[in-house]
């Protein structure tokens, strides 16, 4: 997989360097998707209320999807009680203009690898430069948004 080989160690190192006290851990991992959770957020009001999505029951995850159209990272509020979904969406995306679905709602998306770059990977295989680009992009996105989201969850009284 693209994110093997020290990805979580690099993410842990970067979170320490950026002075945020968050621990990212793998919630779900498959060939197409990696879902990360912030361990400290498990105590957030409504966090462990998701149903029909992931075994952990977490309602908010950072999802990385690998597909022919590229590699994208996005925070997702998954299935769960409407009041908990709304609380997370309102806290993390208060000026939301896009539609909120009843199943999965994306809160921000970051492209990590373009369709053109993914086409090259599918034709020629992975090289260290591509892996490094994906890891760096994901680490930066996770740290930046994690810091902002942690503050927003506290301000909203969810943490």
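In our numbering, the protein residues as written are 40 to 198. We put the CB at the ideal spot given by N, CA and C, even for glycine. Because the structure is a prediction, the values reported are computed rather than measured.
At the C-beta level, residue 131 and residue 115 stay beyond 8 Å of one another. Per DSSP, residue 124 is one residue of the alpha helix (DSSP H) stretching across 121-131. Secondary structure note for residue 185: its alpha helix (DSSP H) is the uninterrupted segment 167-194. As a beta-bridge residue in DSSP terms, residue 100 pairs with 115.
Residue 145 sits in a strand when the DSSP states are folded into three classes. With a cut-off of 8 Å on Cβ pairs, the segment 136-154 is in contact with the segment 109-124, counting three or more such pairs. Following the DSSP letters along the chain, one finds residue 74 in no alpha helix (DSSP H) but inside the beta strand (DSSP E) bounded by residues 72-77.
When only Cα atoms are considered, residue 134 and residue 70 end up about 34 Å apart. For residue 67, the uninterrupted beta strand (DSSP E) run begins and ends at 63-68, by DSSP.
In the DSSP annotation of this structure, residue 60 is not part of any alpha helix (DSSP H), being labelled neither H nor E.
By the neighbour-count criterion, in which a residue is buried when 16 or more other Cβ atoms sit within 10 angstroms of its Cβ, residue 65 is exposed. Excluding five sequence positions before and after residue 96, the CB atoms of its chain that fall closer than 7 Å to its own CB belong to 87, 88 and 89, given in chain order. Under the three-state reduction of DSSP output, residue 152 falls in the strand class.
Under DSSP, residue 110 forms a beta bridge with 105 and 152. DSSP places residue 158 in the helix class (H, G or I) of the three-state scheme.
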